[in-house]
Each structure stands twice: as structure tokens, then as C-alpha cells.
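The numbering of the sequence shown is full-length UniProt numbering, which starts it at 1 and goes up by one. Idealized CB from N, CA, C, for every residue including glycine. Quantities reported herein were computed from a predicted structural model and do not represent experimental measurements.
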Amino acid sequence: MSISASKRDQQLKAQLEAPLETAEMPLVLRSLDNVNRVFVKFVNRTLHDVVLYWIDYQGRAVNYGTLRYNESLDIDTFVTHPWIFVDRDTHDRYVVDNEDVFFPKPMSRCARARRYVCITLPMFTLRRLSLRAIRQRLTHKRQALQLDIPRCLQQELASMLPGDEQEPEDSVNSPAPIPLTPDLFLRMEED
1 MSISASKRDQ QLKAQLEAPL ETAEMPLVLR SLDNVNRVFV KFVNRTLHDV VLYWIDYQGR
61 AVNYGTLRYN ESLDIDTFVT HPWIFVDRDT HDRYVVDNED VFFPKPMSRC ARARRYVCIT
121 LPMFTLRRLS LRAIRQRLTH KRQALQLDIP RCLQQELASM LPGDEQEPED SVNSPAPIPL
181 TPDLFLRMEE D
């Protein structure tokens, strides 16, 4: 049973006019339709291997392969199809036009050329870069909560790491705080 074009247009219009997020229906990133075709060429401008994901109609990430530095991939996609780009090793998100989700722009009626879409590194603050460097040396939430740093930074680091949710944050039996010393960073550089 197919949905008529006018019925599909009404459904799309209702989705676009609905509030973005409600308590009953949280915002889900997903593709909406396959009406307005767009031709893009994804180009990896990072020095890292980047995995391309198309977000399908159910909100699932579909792997479209990995691009090495300066490699490109021609994709025929649609205006309402979101794409994300993830570092193969660290799973950090990369950006296009300073956005971590890429939505293709409509093409003019006579244009058939591919649009170059350059995947780049996001701009991180020094705080964010520091937290990422420390996170790479930790394997569990407990370790972040033992560092001799401000509590707000401990909690932010802990949120980036796996851990047992049942475990109390302030355990009576927890070991003494781990001092954040220069030798911790020297060990990071050696790895």
C-alpha cells in the first residue's frame, strides 16, 4: 500500500510544524523523505580515518565506509537525510561547516554538479582538549572521581567514561585522590 504524494506531503508538513521535542516524543535524528535528490562529494580534510554514517528513516546510523586523509566519496542523497562523521579510533565526532550533523542543501533545478563537503576537526576549547587527554589515560568512572581536581571536572570526566551506575559516587572505601602531576602527562606522551 503506497501513500499518495499529497498524504506524504501532509505528514512531512505535520512533522515540520510539530514542536521539536516533547516529553511524549523526544527529538529523534532521522531521515524524513527521498524527494529532493542532492549530489555530494564527502572529502576527509582531517588527518584521521573518518567513518561516514547516514541516519536512516528509523534513526539508525548506517555505515557508508571509512575515508582516510584527503580521500573522497561521491554520494547521491536527499535534502532531509542527515549524515554524521566519526573518528574510527576515538569515536569523536567531526564537523561540516562547523556543524556535527550535515543536512544537504537543496540544489538549483539546473545544477547537477556535486557539492564538495569537507569534513574537518571541530574547534575545541583548551578545557575540552585537556579533558580528552586525561580521559585517554582513564578506563573507569572511579578513576576520574579520584583525581585531585575540582569536583565539577571530576564529574565531567566521569560522564565520559564507562562505570557501574549502582556504585555510590562518594564511597567510604575509596582510595586517596590521584594527584594530577606533570609526570601523568609525560606518560601520556610516551604512549
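In the DSSP assignment, residue 159 falls within the alpha helix (DSSP H) that extends over 151–159. Under the three-pair Cβ rule at 8 Å, the segment 145–162 does not count as touching the segment 72–82. If you ignore the 5 residues before and after residue 80, its C-beta comes within less than 7 Å of the C-beta of 31, 32 and 33, all in its own chain and listed in chain order. For the 8 Å CB-CB criterion, residue 39 and residue 132 do not form a contact. Just so you know, the alpha carbons of residue 52 and residue 144 end up roughly 31 Å apart.
Here residue 41 carries a strand assignment [DSSP, helix/strand/coil]. In this structure, the beta-carbon distance from residue 117 to residue 43 falls below 8 Å.
Secondary structure note for residue 72: its beta strand (DSSP E) is the uninterrupted segment 72–78. Nearest to residue 161 by alpha-carbon distance, out of 136, 148 and 147, is 136.
Linking residue 35 to residue 56 through their CA atoms gives a straight-line distance of about 14 Å. Per DSSP, reduced to three states, the secondary structure at residue 113 is coil, with no helix or strand assignment. Ranking 156, 138 and 139 by CA distance to the CA of residue 128 puts 156 first. Rounded to the nearest angstrom, the gap between the Cα atoms of residue 105 and residue 82 is 11 Å. Linking residue 122 to residue 95 through their CA atoms gives a straight-line distance of about 6 Å.
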